[in-house]
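Beneath this line is the structure, given in structure tokens, with notes to follow.
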Amino acid sequence: MTSKGLRTHYVRQSYNPPVDSYGDSDPNEIRFILLGGTGLGKSSVANTLLGKEKFRADREFAPITKECQCGERMCQDKRLIVIDTPGFFDIEEMHQNGTIDIEIVKTLEIAAPGPHAFLIVIKADHRFDAQGNAIKTDMWYI
């Protein structure tokens, strides 16, 4: 089994949502998971959505977010939940030591009973090539 196959197996075995989890979802709650590479501004996007500086962010392209984090706010009588994630698609160390699997499972648990949307953050001045392909591949496994 390939490493991606093992990761898929691990995530699927570790996260088992209730059978009708989306049916039981609170209609006054909206859950977003932010995904993207390291240093592309996921935390800044999360702060913008939340209307406050909840997550640490700066202009350097070094990884700041090491594990998934959650923030929330009320917006038009809806509870908006934003989950900021580490740069899943390009942190080789996370892939090698297995922490990426733990963070994927934690992200899904925080978003229970499931996310309403994945917001993919990409750098606007780069072509959607190798990074885009990595995102598409990893999203398929999730």
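Numbering (the working numbering) for the sequence shown: 27 to 168.
We put the beta carbon where it would ideally sit given N, CA and C, even for glycine.
Everything numeric in this text was worked out from a predicted model, so none of it was measured.
Sort Ala-83, His-142, Thr-74 by Cα distance to Ile-59 and report the nearest one. Here residue 59 is taken as the residue at index 33 of the sequence shown, counted from 1. For Ile-59, the nearest C-alpha among the options comes from His-142.
Distance between beta carbons of Phe-144 and Thr-110, contact taken as under 8 Å: Numbered from 1 along the sequence shown, position 84 holds the residue referred to as residue 110. Numbered from 1 along the sequence shown, position 118 holds the residue referred to as residue 144. With the sequence shown as reference, residue 110 is identified as Asp, and Thr is not the correct amino acid for it. 13 Å between Cβ atoms; not a contact.
Alpha carbons only, please: which of Leu-76, Cys-96, Gly-67 is nearest the one belonging to Ala-150? Reading the sequence shown from its first residue, position 124 is the one you call residue 150. Per the Cα distances, Gly-67.
Whose C-alpha, out of Ile-136, Ala-72, Arg-57, Glu-55, is nearest the C-alpha of Val-147? The residue given as residue 147 occupies position 121 in the sequence shown. Minimum Cα distance to Val-147 is reached at Ala-72.
CA nearest to the CA of Pro-53, picked from Lys-132, Pro-112, Ile-107, Thr-133: Here the question's residue 53 lines up with position 27 in the sequence shown. When only C-alpha atoms are compared, the closest one is Ile-107.
Would Tyr-48 be called buried (16 or more neighbouring beta carbons within 10 Å of its own) or exposed? Counted from its first residue, the sequence shown places residue 48 at position 22. Residue placement at Tyr-48 is flagged as unreliable, the pLDDT there being 49, under the threshold of 50; the coordinate-derived value follows with that caveat. Flag for Tyr-48 reads exposed.
Since Cys-96 sits in a beta bridge, which residues does DSSP pair it with? Locating residue 96 in the sequence shown gives position 70, where the first residue counts as 1. The partner list for Cys-96 (beta bridge, DSSP) reads Ile-109.
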